[in-house]
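Structure, as structure tokens:
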Amino acid sequence: MQPSEADTESAVDLPWQRKEDQQWGFHIGDVVQIGQGFIEKCTYALYYGQGRVIHVWSPSRRQFRVRVDSLRGLNASGYVATICSRELDKFFYELLNIIPLAKPKESIWCATTALHATAASRLSNLCFILFARYGDTIFKLLQLLKEAYSLTFDDWMLGKPSDESLQVDESPLDSPVHLVGHSNKVDVNHQAALSTQPAIKMFFGSVGDLLMSEWLGKLLSDFFKDSRTRSNWYSITMPSVINCLSPLFLQFDIPLKRFQVRYDVARGLPQRMADDRMECGVCWMSFTSVRVMLFKCEHYICAPCLRLLSRQECPYCRGPILNAEPLGECVKREASRLLNKAMEPDRKPGPSLLQ
1 MQPSEADTES AVDLPWQRKE DQQWGFHIGD VVQIGQGFIE KCTYALYYGQ GRVIHVWSPS
61 RRQFRVRVDS LRGLNASGYV ATICSRELDK FFYELLNIIP LAKPKESIWC ATTALHATAA
121 SRLSNLCFIL FARYGDTIFK LLQLLKEAYS LTFDDWMLGK PSDESLQVDE SPLDSPVHLV
181 GHSNKVDVNH QAALSTQPAI KMFFGSVGDL LMSEWLGKLL SDFFKDSRTR SNWYSITMPS
241 VINCLSPLFL QFDIPLKRFQ VRYDVARGLP QRMADDRMEC GVCWMSFTSV RVMLFKCEHY
301 ICAPCLRLLS RQECPYCRGP ILNAEPLGEC VKREASRLLN KAMEPDRKPG PSLLQ
């Protein structure tokens with residue numbers, strides 16, 4: 001039994017403390033952990049009052065969005081809610097040196113500004129809690145993440161620190177994780193509508209949301225296992241929408257308050273393309289002058305060959321081609337660099353004739 005729509009969206013007004021809240025044992029604005037039986041996966045929510053929570057949720061576990069659910073409906077579906085405010089507050093304080101907003105109702109008001117927003121994944125609930133309970137810290141983190149990503153993505157610094165402060169206005173991290181269709185054209189009216197939305201609604205569902213949520217999820221998991229574990233490198237698989245050098249390795253330097261980003265380029269897609277001499281395996285055309293299309297099976301061919309295929313099957317593994325995404329130019333540039341490096345003659349000096 002799933003929570004009904006009446007329970008889900010019954011009201012969005014800011015509630016007052018009532019006797020029903022005491023029956024559940026929660027106060028308005030409390031962080032609530034929601035789990036199911038012996039399944040280790042859990043989510044986090046804010047107690048909304050009157051036996052309801054506001055959180056990132058999806059009954060189908062596919063399309064996640066910010067919504068209001070009744071605790072009775074969640075309990076009927078086998079979920080158990082427990083208070084987790086102290087643990088989350090300690091986690092965010094030690095990680096970012098931040099404390100919750102002074103008034104719990106401020107958290108609820110912030111949370112309602114994100115209502116109905118589509119999120120990137122289940123772990124987006126951590127970004128939701130960070131935004132609603134701790135204010136604008138999430139946007140400061142996002143800017144730091146964009147700067148670190150830009151340094152690595154454009155300059156191939158592979159995580160080396162830089163003292164330059166970059167202002168990143170447009171970033172691949174702002175791209176939506178799930179694209180509708182394959183057209184590169186953007187509806188002007190749709191783009192204008194997006195620009196008028198609150199910043200948090202534009203953040204949810206983006207690559208930045210996915211990246212930050214995965215990082216927070218792995219960091220929180222280590223926090224509960226061993227509170228002394230901090231600032232480790234975490235491997236995160238990037239979505240195909242930007243096709244970067246996946247996986248991405250992310251670390252947050254707590255003393256310097258700065259992200260560091262690295263790519264394991266030796267194992268990634270650029271190395272495979274370099275091993276194939278930057279040529280299409282079907283027609284032998286060079287990838288430097290044509291678009292490269294990547295399949296879900298991780299095989300790739302040039303765009304002209306994809307259009308000429310008689311069947312929608314991968315020519316290598318015969319798997320169905322359900323989705324084909326164009327590779328980014330950064331991957332092609334890195335593959336060309338690796339290929340040129342491999343073709344360079346050995347520059348080691350020969351033995352001296354005087355010896």
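Read in the UniProt record's numbering, the sequence shown has 334 at position 334, and its numbers run on one by one without any break. Note that beta-carbon positions come from the ideal geometry of N, C-alpha and C, so glycine has one too.
Looking at the DSSP output, Phe131 shares a beta bridge with no other residue. For Tyr79, the enclosing beta strand (DSSP E) has its first and last residue at Tyr79 to Ile83. For Gln23, the closest of Gly51, Gly29 and Leu46 by C-alpha to C-alpha distance is Gly51. Per DSSP, the unbroken beta strand (DSSP E) holding Phe295 starts and ends at Val292 to Phe295. Within the stretch 303-351, the runs of beta strand (DSSP E) at least 3 residues long that lie entirely inside it are, in chain order, 324-326. In this structure, the beta-carbon distance from Gln251 to Tyr263 does not fall below 9 Å. Between Leu173 and Gly208, the CB-CB gap stays under 9 Å. C-alpha of Lys146 to C-alpha of Arg258: approximately 11 Å in a straight line. DSSP places Ala45 in the strand class (E or B) of the three-state scheme.
DSSP links Trp57 through a beta bridge to Arg65. Per the C-alpha coordinates, the member of Glu20, Gly29 and Ser121 positioned closest to Lys103 is Gly29. Residue burial annotation: Cys317 is exposed, with fewer than 16 other C-beta atoms found within 10 angstroms of its C-beta. Approximately 6 Å separates the beta-carbon atoms of Ile34 and Cys42; this is inside 8 Å, confirming the contact. Bridge pairing for Asp253: Arg258 [DSSP].
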